[in-house]
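Following: one structure in structure tokens, then a few remarks.
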Amino acid sequence: MTFRTRFAPSPTGFLHIGGARTALFCHLYARHLGGEWLLRIEDTDQERSTPEAVAAIFAGLNWLGLHPDGEPVFQSKNQARHLAAAHQLLAMGKAYRCYCTREELESMRSEQREKKEKPRYDGRCARRVDFSGIADRPYVIRFKTPPEGKTTWEDLIQGSISFANTELDDLILVRSDGLPTYNLAVVVDDHDMGITHVIRGEDHISNTPRQIPLFQALGWSVPLYAHMPLLHGADGAKLSKRHGAVSVLNYRENGFLPEAVNNYLVRLGWSHGEQEIFTMAEMESLFDIRDVGRSAAIFNQSKLEWLNGHHIRSSRQDRLAVVLVDHLRLIGIENPDLTLVAAVVPLFQERAKTMVEMAEKARFFFVEDVRPYDMKAIEKYCKPDLLPALAHLITELATLTEWQDSFLQAAFDRTLQAHDLKMGQLAQPVRIALTGTPVSPGIHEVVLVLGQQKSLHRLQAGLAFFQESIHGVS
RNA sequence: GUCCCCAUCGUCUAGCGGCCUAGGACGCUGGCCUCUCACGCCGGUAACACGGGUUCGAUUCCCGUUGGGGACGCCA
Numbered sequence: 011m012t013f014r015t016r017f018a019p020s021p022t023g024f025l026h027i028g029g030a031r032t033a034l035f036c037h038l039y040a041r042h043l044g045g046e047w048l049l050r051i052e053d054t055d056q057e058r059s060t061p062e063a064v065a066a067i068f069a070g071l072n073w074l075g076l077h078p079d080g081e082p083v084f085q086s087k088n089q090a091r092h093l094a095a096a097h098q099l100l101a102m103g104k105a106y107r108c109y110c111t112r113e114e115l116e117s118m119r120s121e122q123r124e125k126k127e128k129p130r131y132d133g134r135c136a137r138r139v140d141f142s143g144i145a146d147r148p149y150v151i152r153f154k155t156p157p158e159g160k161t162t163w164e165d166l167i168q169g170s171i172s173f174a175n176t177e178l179d180d181l182i183l184v185r186s187d188g189l190p191t192y193n194l195a196v197v198v199d200d201h202d203m204g205i206t207h208v209i210r211g212e213d214h215i216s217n218t219p220r221q222i223p224l225f226q227a228l229g230w231s232v233p234l235y236a237h238m239p240l241l242h243g244a245d246g247a248k249l250s251k252r253h254g255a256v257s258v259l260n261y262r263e264n265g266f267l268p269e270a271v272n273n274y275l276v277r278l279g280w281s282h283g284e285q286e287i288f289t290m291a292e293m294e295s296l297f298d299i300r301d302v303g304r305s306a307a308i309f310n311q312s313k314l315e316w317l318n319g320h321h322i323r324s325s326r327q328d329r330l331a332v333v334l335v336d337h338l339r340l341i342g343i344e345n346p347d348l349t350l351v352a353a354v355v356p357l358f359q360e361r362a363k364t365m366v367e368m369a370e371k372a373r374f375f376f377v378e379d380v381r382p383y384d385m386k387a388i389e390k391y392c393k394p395d396l397l398p399a400l401a402h403l404i405t406e407l408a409t410l411t412e413w414q415d416s417f418l419q420a421a422f423d424r425t426l427q428a429h430d431l432k433m434g435q436l437a438q439p440v441r442i443a444l445t446g447t448p449v450s451p452g453i454h455e456v457v458l459v460l461g462q463q464k465s466l467h468r469l470q471a472g473l474a475f476f477q478e479s480i481h482g483v484s
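Counting in the working numbering, the first sequence runs from 11 upward without gaps.
Structure below.
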């Protein structure tokens, strides 16, 4: 028998970070078991499901590198199967038609709330003997929940969970418009797809004692369940689409690497000793759903950023270059020189927590003019007595016949010696001329990548500007 | 309100009765390195919610309290 998990989102919006974590756990556990994981689009709600949302879910999973086995299953296509199961239950006397109107149900619920009871259907239509006058009314099909006893299962994450059957009401299997409902569809599809492990959010716990009796009534084996603790926002409440949750694709836009997002997500509720950094292969071999903790986790942006920085540092440079090109475009560098991009990546690999940050920090390499200069930095670092040294450096660099580190070093040394300066004094004016700012990779690295012509040009322009602004001030 | 679940530093977590004067990571912070910024390295800050049991011994087991979360749809 093959172990099989499934990820079953409803296509009513983008794939958010909580859904991504569920998908990741489904993927990891299936891989861990050497089984499969399937994607099922739960589009039985025709009103709210959209093709755009389906595409967004595919795109999100794809970006994360989470590729389901087999073709995605669209639940709406299995309606005939769902309905057949409902009619089978009807024939077996395990389901019944209910003619209650929405108004009737509503008043029933409000009465129950007033009496401080849990709102639930009281099963009046199951006991109905007289159908005169209502037989032509629209009806729904309800499941006859076992009236007593309890429904218990051994949750792979939460341990033993038990519900008294009296807590459960007779759930609707088929709506009055003839369409199957969620709980019916899930049970039929999970059975038909051969799902052995249902991994889903803790918010589904209360659906499980409704689904288990359905499997049993249909004579099917019940899958194993694992209910994952929810992901909470900074305020401690469930992360949802209308509560701060954004599409996973937003993380791409914000310069995160998918492996960092996966790595961050797997550590929410799961750990392996003191290890923080995991490759996908490590996660797949080490992850066990039974090791997942039971308490909800709060999303922590700064840890994600730290992990992202780590993954940027350990990522291949050619791959980073491809991503960087995208982010340069987003900040207006339309067609960056690819050779330059490749040369620039190593300078920022250790200096950027996100690819957005890398693009912004590297921007000065790709523009013709680094102005406007950081005026506060000029005021602080570009003292008048340094300007002759800067002029000297320019002539030294202009005479170099080879643009190599050792030559650059010598040129700087000669300049510093001639003016009795430390590199710390000269570096900042040079840096500002070269980049416009007082923060950048090492001077030599910058100059080397920039090349002789551009470097000299920027230094000359900078020197002229510094002289002018200093005279202007005094 | 009813039912279900949860509870170790601010956050993510280790701990599965003695190894705990509770470990790691992020963050914050002091220092080193240094041409700036990062990276890296060394150090610091900070937690077992509370009350009862069980036990020779509880962070670990049981019960209760408090707190938090989730579910109560002809949504999924």
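Beta carbons: idealized from backbone N, C-alpha and C, even for Gly.
Since this is a predicted model, take the numbers as computed values, not measurements.
Check: What does residue 190 pair with, by DSSP beta-bridge criteria?
Finding: DSSP, once it has assigned bridges, lists 184 as partnering residue 190.
Under 9 angstroms, do residue 361 and residue 451 count as touching if we go by C-beta distance? In contact: residue 361 and residue 451 (Cβ atoms closer than 9 angstroms).
Check this for me: beta carbons of residue 343 and residue 330, under 9 angstroms apart or not? The criterion of a C-beta distance shorter than 9 angstroms is not satisfied by residue 343 and residue 330.
| task | Starting from the C-beta of residue 212, find all residues in its chain whose C-beta is less than 8 angstroms away, skip the five residues before and the five after it, and write them out in chain order. | result | Within its own chain, the residues whose Cβ lies closer than 8 angstroms to the Cβ of residue 212, once the five positions on either side in sequence are excluded, are 168, 237, 238, 239, 240, 306, listed in chain order.
- Through-space distance from residue 232 to residue 162, alpha-carbon basis: For residue 162 and residue 232, the gap between their C-alpha atoms comes out near 12 angstroms.
Inset, instruction - Tell me whether residue 484 sits in a helix, a strand or coil according to DSSP, three-state version. - result: Unreliable placement is indicated for residue 484, whose pLDDT of 45 sits below 50; no coordinate value is reported for it.
query = For the putative contact between residue 300 and residue 166, defined by C-beta atoms under 8 angstroms, what is the C-beta separation to the nearest angstrom?
reply = Contact flag correct, Cβ pair sits at about 5 angstroms.
- Query: Counting Cβ pairs closer than 8 angstroms, one from the segment 100-110 and one from the segment 128-139, do we hit at least three?
  - Reply: Because the criterion of three Cβ pairs below 8 angstroms is met, the segment 100-110 and the segment 128-139 touch.
TODO: Could you tell me the distance, in whole angstroms, from the CA atom of residue 437 to the CA atom of residue 313?
DONE: Distance between the alpha carbons of residue 437 and residue 313: 33 angstroms.
*Minimum C-alpha distance to residue 102 - residue among 421, 226, 30, 456*: Distances from the alpha-carbon of residue 102 to those of 421, 226, 30, 456 put 226 closest.
* Given residue 483, which residues of its chain have a CB within under 6 angstroms of its CB, disregarding the five upstream and five downstream residues? -> Per-residue confidence for residue 483 stands at a pLDDT of 49, beneath the threshold of 50, marking its modelled position as unreliable; the derived number appears in the next sentence. Taken in chain order, the list of residues that qualify is empty.
Who are the Cβ neighbours of residue 57 in its own chain at under 7 angstroms, not counting the five residues just before and after it?
There are no such residues.
| query | In chain order, what residues of the same chain have a beta carbon less than 7 angstroms from the beta carbon of residue 147, not counting five sequence neighbours either side? | reply | Excluding residues within five positions, the ones whose Cβ falls inside 7 angstroms are 109.
Exercise. Which residues does DSSP pair with residue 163 in a beta bridge?
Worked result: Beta bridge pairing from DSSP links residue 163 with 171.
For the candidate residues 140, 191, 113, whose alpha-carbon lies nearest to that of residue 151?
-> Nearest of 140, 191, 113 to residue 151, Cα basis: 191.
Residues bridged to residue 230 (per DSSP)
Residue 230 pairs with nothing; no bridge assigned.
- Can you tell me whether DSSP reads residue 256 as helix, strand or coil? Three-state DSSP puts residue 256 in coil, outside helix and strand.
**Prompt:** Are residue 34 and residue 181 closer than 9 angstroms when you measure CB to CB?
**Reply:** For residue 34 and residue 181, no; Cβs fall outside 9 angstroms.
*asked:* Using only CA atoms, which one of 277, 347, 142, 242 lies nearest to residue 26?
replied: Per the Cα distances, 242.
Segment limits, alpha helix (DSSP H) that includes residue 349: Element bounds for residue 349: 348-358.
Q. How big is the Cα-Cα spacing for residue 202 and residue 234?
A. Cα to Cα, residue 202 sits roughly 15 angstroms from residue 234.
#### Entry: Terminal residues of the alpha helix (DSSP H) in which residue 114 lies
112-124 is the extent of the alpha helix (DSSP H) around residue 114.
_Using 9 angstroms as the threshold, is the C-beta distance between residue 387 and residue 442 below it?_
Yes, the Cβ-Cβ distance between residue 387 and residue 442 is below 9 angstroms.
Item to complete: List the whole-angstrom C-beta distance separating residue 363 from residue 319, where the pair is believed to meet the contact cut-off of C-beta under 8 angstroms.
Response: Contact flag correct, Cβ pair sits at about 4 angstroms.
- Buried versus exposed, by CB contacts within 10 Å (16 or more), residue 52: Around the beta carbon of residue 52, a 10 Å sphere encloses 16 or more other beta carbons of the protein chains shown; the residue is thus reported as buried.
Opening and closing residue of the alpha helix (DSSP H) in which residue 31 lies: Membership of residue 31 in the alpha helix (DSSP H) is indicated by the continuous run 27-43.
Check: Any chance the segment 14-33 sits against the segment 283-293, with 3 or more Cβ pairs inside 8 angstroms?
Finding: Output reads no: the segment 283-293 does not touch the segment 14-33.
_Touch test, the segment 393-407 against the segment 365-383, Cβ-Cβ under 8 angstroms, three pairs minimum_ = Cβ pair count under 8 angstroms is below three, so no.
Please report the distance separating the alpha-carbon of residue 62 from that of residue 479. Straight across, the Cα-Cα distance linking residue 62 with residue 479 is about 55 angstroms.
Within the same chain, show all residues whose beta-carbon is closer than 7 angstroms to that of residue 296, passing over the 5 residues directly before and after it, in chain order. Scanning its chain for C-beta atoms nearer than 7 angstroms, with the 5 sequence neighbours on each side dropped, one finds around residue 296 the residues 282, in chain order.
- Message: Quick check: the Cα distance between residue 17 and residue 258, rounded to an integer number of angstroms?
- Response: So the alpha carbons of these two residues sit roughly 16 angstroms apart.
To which residues of the same chain is residue 186 closer than 8 angstroms at the C-beta, ignoring the five residues directly before and after it? Cβ neighbours of residue 186 beyond the five flanking positions: 148, 149, 150.
**Prompt:** In the DSSP assignment, what residue or residues form a beta bridge with residue 307?
**Reply:** For residue 307, which the question treats as bridged, DSSP gives the partners 241.
(Q) Under DSSP, the beta strand (DSSP E) around residue 151 begins and ends at which residues? (A) Per DSSP, residue 151 belongs to the beta strand (DSSP E) from 150-153.
Under three-state DSSP, which class holds residue 127? Three-state DSSP puts residue 127 in coil, outside helix and strand.
Give the C-beta separation of residue 198 and residue 95 to the nearest angstrom, bearing in mind that I take them to be a contact with Cβ-Cβ under 8 angstroms.
With a contact defined as Cβ atoms closer than 8 angstroms, residue 198 and residue 95 qualify at about 5 angstroms.
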